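Comments concern the structure below.
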Amino acid sequence: MDRDEVHNCEIKLRHNPWRNKEKVFIGCGAGFRGDRPRAALKLLESVPELDYLVLECLAERTLADGYKKIMFGGEGYDPRIQEWMSLLLPLAVQRGVCIITNMGAVDTLGAQKAVLGVATDLGLKITVSVAYEIPPSKTEEDSPKHGMNGASTYLGSAPIVHCLEKYNPHVVITSRVADAALFLAPMIYEFGWRQHEFELLAKGALVGHLLECGCQLTGGYFMHPGDEYRDMPFEKLLDISLPFVEIDHRGDVYLSKAEGSGGELSVSTCAQQLLYEIADPSCYITPDVVIDLREVSFHEVSEDRIRCQGAKASNSLLPEKLLQLVPADCGYKGWGEISYGGQGCLRRAQAAEFLVRSWVNETYPGIGDQILSYIIGHDSLKIPTGDEKQIGSNGENTDIRLRMDGLFELEQHANCFYHEFMALYTNGPAGGGGITVGLSKEIILHKQLVERENVFWRTDSDQTNPSDLHPKTSPIDTTRKQSLRKNYTRKTTTPIQPAPSGVKIPLYKVAHSRAGDKSNDINFSLIPHFSSDINRLKKVITQDWVKNAVSPLFYSSTISKDQAIENDLEGVIVEIYEVPGISSLNVVGRNVLDGGVNCSRRIDRHGKTISDLILSQEIVLP
Numbered sequence: 012m013d014r015d016e017v018h019n020c021e022i023k024l025r026h027n028p029w030r031n032k033e034k035v036f037i038g039c040g041a042g043f044r045g046d047r048p049r050a051a052l053k054l055l056e057s058v059p060e061l062d063y064l065v066l067e068c069l070a071e072r073t074l075a076d077g078y079k080k081i082m083f084g085g086e087g088y089d090p091r092i093q094e095w096m097s098l099l100l101p102l103a104v105q106r107g108v109c110i111i112t113n114m115g116a117v118d119t120l121g122a123q124k125a126v127l128g129v130a131t132d133l134g135l136k137i138t139v140s141v142a143y144e145i146p147p148s149k150t151e152e153d154s155p156k157h158g159m160n161g162a163s164t165y166l167g168s169a170p171i172v173h174c175l176e177k178y179n180p181h182v183v184i185t186s187r188v189a190d191a192a193l194f195l196a197p198m199i200y201e202f203g204w205r206q207h208e209f210e211l212l213a214k215g216a217l218v219g220h221l222l223e224c225g226c227q228l229t230g231g232y233f234m235h236p237g238d239e240y241r242d243m244p245f246e247k248l249l250d251i252s253l254p255f256v257e258i259d260h261r262g263d264v265y266l267s268k269a270e271g272s273g274g275e276l277s278v279s280t281c282a283q284q285l286l287y288e289i290a291d292p293s294c295y296i297t298p299d300v301v302i303d304l305r306e307v308s309f310h311e312v313s314e315d316r317i318r319c320q321g322a323k324a325s326n327s328l329l330p331e332k333l334l335q336l337v338p339a340d341c342g343y344k345g346w347g348e349i350s351y352g353g354q355g356c357l358r359r360a361q362a363a364e365f366l367v368r369s370w371v372n373e374t375y376p377g378i379g380d381q382i383l384s385y386i387i388g389h390d391s392l393k394i395p396t397g398d399e400k401q402i403g404s405n406g407e408n409t410d411i412r413l414r415m416d417g418l419f420e421l422e423q424h425a426n427c428f429y430h431e432f433m434a435l436y437t438n439g440p441a442g443g444g445g446i447t448v449g450l451s452k453e454i455i456l457h458k459q460l461v462e463r464e465n466v467f468w469r470t471d472s473d474q475t476n477p478s479d480l481h482p483k484t485s486p487i488d489t490t491r492k493q494s495l496r497k498n499y500t501r502k503t504t505t506p507i508q509p510a511p512s513g514v515k516i517p518l519y520k521v522a523h524s525r526a527g528d529k530s531n532d533i534n535f536s537l538i539p540h541f542s543s544d545i546n547r548l549k550k551v552i553t554q555d556w557v558k559n560a561v562s563p564l565f566y567s568s569t570i571s572k573d574q575a576i577e578n579d580l581e582g583v584i585v586e587i588y589e590v591p592g593i594s595s596l597n598v599v600g601r602n603v604l605d606g607g608v609n610c611s612r613r614i615d616r617h618g619k620t621i622s623d624l625i626l627s628q629e630i631v632l633p
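At position 305 of the sequence shown the residue is numbered 316 (my numbering), and the sequence of numbers has no breaks.
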């Protein structure tokens, strides 16, 4: 193993960097841990120009999962890394495509060992480099699970660039690196960009932001049969392509999907991803550069290709401090579900909730207040329906599922809830079935800002041992998937007209949206179908309007909907930003997500469905 010296995160200029390429092609093979390896293989097969393939598989939730696994003696890297590499390495190595991934999570050296084992079994001679954070007190004798006892900082591109320059690797595995930096690093390396060329870095980091969520750029998480402007055949969504970018050394950007593939790459899909989880568009902070996204625009070149322009460095240029996540005890989660159907099922579910709350309060007075309850099929997502209930064939709900979700300080409280919920089978209302219950220890990641000089990283590199290599069992087929790809006809769009004035209409008719989370905050976009409608929409979407729209999220019971929630709403802060380049609004609601993804008691921990809660609101445009 080739172990490097320790570096800190202060910006250091590269000395006489070479420009290796005039143009580079970078693909996104994964946008989150649950993404599809075969979709990444299809991209490799369909786009032979690719130079790099990025697998972005780490988020706050999965990072917390890594800490929990290490606590109980497990491995802290992504458990699917062997599956991904077994499928992708043969063709990637043959094509000379370097794979960059943050699947190392909090056990990067363990991930490196796992990938080398996969390559050995495949008979591949490869170099696997790793870049990971180490605490200031790190010594050679410390545990290689470098995130085991400490914080995890969002590193920038420098550790990856260092790996590319020093090791010429086939695979780079990192710990917590900012998503955009995974894509920016190969641009800096190939084009010889320097760390003070902020305008170029802004263009490259924007590319990373647009690609980091995979198919969300190319029609995934976009198709919506309730919206005439976002509908598409199921088959077209099935053949969706992951995105890739063609960027040159001047920062000219072309976003693409595989030629003739399904899905959709359009101004609308790009606009949704542009505003995804960015908060203030005038200063989107990454470790390498602060970007001003307000004037970014997209221009369709062809069905499969979009030009992106307008990114620039913000006035602040570079963050002085880096964002750090510190694991902390969050208590114990207990949850239970039970189904009811037929006549009066809604009232029976409410009776079951009443009983469980009362039973737990008998044993531990007051802990019933730590439970959220909702009825799946009725009010779990708080989407307005225009009536108190969703109407079935006989005028009422006929198929619902009660869920109760509690977060408790003590394990015995969570155990009490677990067992009292199970008691519904013999002590609750008639006809309840399909009970499932769960109990888990939870970790929350607190955020803090740290000085760059106090954050340290190291790189290592290792190779497969030629004497251990096993012969491949079969040759690589590089044409199989290409021959199955369909050629779709150019999409036909519904003519877009201004939304009517003076009449009550659902917001769906005016705009589309995507929601994302950052800790306890929700971020949702409002992108008008007809761009000029933005001027009227701004008069309707106010801070009070947003607060009122999200207020149902703070109900804790299915029984009483008129309970006071003023105290919860007092902590909600709403920020509304205009993005002129795409004629849109970006809305941030702080303290909305019941503590955030790692401790939320809601069925939608990330708040993804809040986009439809917002779009279902009825408005009157002036």
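Positions of the beta carbon are idealized from the N, C-alpha and C atoms, including for glycine.
Bear in mind the structure is a predicted one, so any value in this text is a computation, not a measurement.
**OP:** For V17, collect the residues of the same chain with a Cβ closer than 7 Å to its Cβ; drop the 5 residues on either side in sequence, then sort them by chain order.
**Re:** The sequence position of residue 17 within the sequence shown is 6, counting from 1. Taken in chain order, the residues that qualify are I145, F467 and R469.
**OP:** Determine the burial state of N546: buried for a count of at least 16 other Cβ atoms within 10 Å of its Cβ, exposed for fewer.
**Re:** Stepping through the sequence shown from its first residue, residue 546 is reached at position 535. Exposed: under 16 other Cβ atoms inside 10 Å.
**OP:** Would you kindly report the start and end of the unbroken alpha helix (DSSP H) that includes E306?
**Re:** Your numbering for residue 306 matches position 295 in the sequence shown. That residue, E306, is in no alpha helix (DSSP H); it is neither H nor E in DSSP.
**OP:** Could you name the residues that DSSP lists as bridge partners for A142?
**Re:** Translated into positions along the sequence shown, residue 142 becomes position 131. Note: A142 sits in a beta bridge opposite T185 and T470.
Original post:
Whole beta strand (DSSP E) runs in the stretch 267-343 with 3 or more residues, listed along the chain?
Top reply: If we require 3 residues or more, the beta strand (DSSP E) runs fully inside the stretch 267-343 come out as 301-303, 308-313 and 316-320.
Subject >> Contacting residues, own chain, Cβ-Cβ under 6 Å from Y200 (five flanking each side not counted) >> reply: To locate residue 200, count along the sequence shown from 1; it is residue 189. So the qualifying residues of the chain are V172 and L175.
**OP:** Identify whether V17 lies in helix, strand or coil by the three-state DSSP scheme.
**Re:** In the sequence shown, the residue the question calls residue 17 occupies position 6. Correct three-state label for V17: coil.
Subject >> Under 9 Å between C-beta atoms of P254 and C226 >> reply: The sequence position of residue 254 within the sequence shown is 243, counting from 1. The sequence position of residue 226 within the sequence shown is 215, counting from 1. Their beta carbons are under 9 Å apart, which means P254 touches C226 by this criterion.
Subject >> Straight-line Cα distance separating A213 from K344 >> reply: As a position in the sequence shown, residue 344 is number 333, starting the count at 1. As a position in the sequence shown, residue 213 is number 202, starting the count at 1. Each residue's alpha carbon lies about 41 Å from the other.
Original post:
Is it buried or exposed for A103, if we count other Cβ within 10 angstroms and need 16 for buried?
Top reply: For the purposes of this step, residue 103 is taken as the residue at position 92 of the sequence shown. A103 should be labelled buried.
Original post:
Three-state secondary structure (DSSP) at Q201?
Top reply: Taking the first residue of the sequence shown as 1, we reach residue 201 at position 190. The identity of residue 201 in the sequence shown is Glu, whereas the question assumes Gln. Looking at E201 - three-state DSSP - the assignment turns out to be helix.
**OP:** Consult DSSP for Q354 and reduce its assignment to one of helix, strand or coil.
**Re:** Here residue 354 corresponds to residue number 343 of the sequence shown, with the count starting at 1. In the three-state reduction of the DSSP assignment, Q354 falls in the coil class.
Subject >> Stretch-stretch touch, CB-based, cutoff 8 Å, three pairs: the stretch 434-448 with the stretch 371-384 >> reply: No: fewer than three Cβ pairs fall under 8 Å.
Original post:
With contact counted as at least three CB pairs below 8 Å, one residue from each stretch, are the stretch 295-305 and the stretch 214-221 in contact?
Top reply: The stretch 295-305 makes contact with the stretch 214-221, as at least three CB pairs between them are under 8 Å.
**OP:** Would you decide whether P236 is buried or exposed? Buried here means 16 or more other CB atoms lie within 10 Å of its CB.
**Re:** Along the sequence shown, read from residue 1 onward, the residue named residue 236 stands at position 225. Per the 10 Å Cβ criterion, exposed.
**OP:** For the beta strand (DSSP E) containing L61, list its first residue and its last residue.
**Re:** Locating residue 61 in the sequence shown gives position 50, counting from the first residue. Where L61 is concerned, there is no enclosing beta strand (DSSP E), given that its DSSP letter is neither H nor E.
**OP:** Could you check what DSSP says for T229 in three-state terms: helix, strand or coil?
**Re:** As a working note, residue 229 is residue 218 in the sequence shown. The answer is coil: DSSP assigns T229 none of H, G, I, E or B.
**OP:** Please classify H310: is it buried, with 16 or more other beta-carbons within 10 angstroms of its beta-carbon, or exposed?
**Re:** Against the sequence shown, residue 310 aligns to sequence position 299. H310 sits exposed, since fewer than 16 C-beta atoms from the chains shown fall within 10 Å of its C-beta.
**OP:** Using beta-carbon positions only, say whether F209 and R525 come within less than 9 Å of one another.
**Re:** For the purposes of this step, residue 209 is identified with residue 198 of the sequence shown, where counting begins at 1. For the purposes of this step, residue 525 is identified with residue 514 of the sequence shown, where counting begins at 1. No Cβ-Cβ contact shorter than 9 Å links F209 with R525.
**OP:** Give me the Cα-Cα distance between L333 and T297, rounded to the nearest whole angstrom.
**Re:** What you label residue 333 is simply residue 322 of the sequence shown in a count that begins at 1. What you label residue 297 is simply residue 286 of the sequence shown in a count that begins at 1. CA-CA distance, L333 to T297, rounds to 9 Å.
Original post:
Excluding the five sequence neighbours on either side, which residues of its own chain have a C-beta within less than 6 Å of the C-beta of L211, listed in chain order?
Top reply: Sequence index remark: in the sequence shown, residue 211 carries index 200 (1-based). Cβ within range, chain order: W204 and G262.
**OP:** Give the straight-line distance between the Cα atoms of M415 and P633, rounded to the nearest whole angstrom.
**Re:** Working through the sequence shown from its first residue, we reach residue 415 at position 404. Working through the sequence shown from its first residue, we reach residue 633 at position 622. Rounded to whole angstroms, M415 to P633 spans 42 Å at the Cα level.
Original post:
Which first and last residues belong to the alpha helix (DSSP H) in which K80 is found?
Top reply: As a position in the sequence shown, residue 80 is number 69, starting the count at 1. Looking at the DSSP string, the run of the alpha helix (DSSP H) that includes K80 is E71 to M82.
Original post:
Helix, strand or coil for Q361 per DSSP?
Top reply: On the sequence shown, position 350 is the one that residue 361 refers to. Assignment of Q361 by DSSP, reduced to helix, strand and coil, places it in the helix class.
Subject >> Separation of R44 from T569, as counted between CA atoms >> reply: The residue given as residue 569 occupies position 558 in the sequence shown. The residue given as residue 44 occupies position 33 in the sequence shown. One C-alpha to the other measures close to 33 Å.
Original post:
Which value, in whole angstroms, describes the spacing of the CA atoms of G592 and P509?
Top reply: By 1-based counting over the sequence shown, the position of residue 592 is 581. By 1-based counting over the sequence shown, the position of residue 509 is 498. Here the alpha carbons of P509 and G592 stand approximately 19 Å from one another.
Original post:
Between A363 and D605, what straight-line distance do the alpha-carbon atoms span, to the nearest angstrom?
Top reply: The residue given as residue 363 occupies position 352 in the sequence shown. The residue given as residue 605 occupies position 594 in the sequence shown. Cα atoms of A363 and D605: separation of roughly 23 Å, rounded to the nearest angstrom.
**OP:** Whole angstroms is fine: what's the gap from G347's alpha carbon to V371's?
**Re:** For the purposes of this step, residue 347 is taken as the residue at position 336 of the sequence shown. For the purposes of this step, residue 371 is taken as the residue at position 360 of the sequence shown. One C-alpha to the other measures close to 13 Å.
Subject >> Which of helix, strand or coil DSSP assigns to M96 >> reply: As a first step, residue 96 must be located in the sequence shown, where it is residue number 85. Secondary structure of M96 (DSSP, three-state): helix.
Subject >> Continuous alpha helix (DSSP H) stretch holding S622: start and end >> reply: Within the sequence shown, numbered from 1, the residue matching residue 622 stands at position 611. That run of the alpha helix (DSSP H) goes I621 to L626.
Subject >> Length of the line joining the Cα atoms of G445 and S350 >> reply: Within the sequence shown, the letter at position 434 stands for residue 445. Within the sequence shown, the letter at position 339 stands for residue 350. Spanning the two alpha carbons is a distance of roughly 6 Å.
Subject >> Distance between beta carbons of Y265 and V312, contact taken as under 8 Å >> reply: If you number the sequence shown from 1, residue 312 lands on position 301. If you number the sequence shown from 1, residue 265 lands on position 254. About 7 Å separates the two Cβ atoms, so the contact holds.
**OP:** Indicate whether D615 and L421 have their beta-carbon atoms separated by less than 9 Å.
**Re:** Against the sequence shown, residue 615 aligns to sequence position 604. Against the sequence shown, residue 421 aligns to sequence position 410. Against a cut-off of 9 Å, the Cβ pair of L421 and D615 comes out as no contact.
Original post:
Would a C-beta distance cut-off of 9 Å place H523 and A339 closer than the cut-off?
Top reply: As a first step, residue 523 is located in the sequence shown; it is residue number 512 there, counting from the start. As a first step, residue 339 is located in the sequence shown; it is residue number 328 there, counting from the start. No, Cβ-Cβ distance for H523 and A339 is not below 9 Å.
**OP:** Please confirm whether I625 and F565 have their CB atoms less than 9 Å apart.
**Re:** Position 614 of the sequence shown, counted from the first residue, corresponds to residue 625. Position 554 of the sequence shown, counted from the first residue, corresponds to residue 565. Cβ atoms of I625 and F565: not closer than 9 Å.
Original post:
Using a Cβ-Cβ cut-off of 7 Å (strictly less than) and excluding sequence neighbours within five positions of I584, which residues of its own chain qualify?
Top reply: As a first step, residue 584 is located in the sequence shown; it is residue number 573 there, counting from the start. Cβ within range, chain order: R601 and N602.
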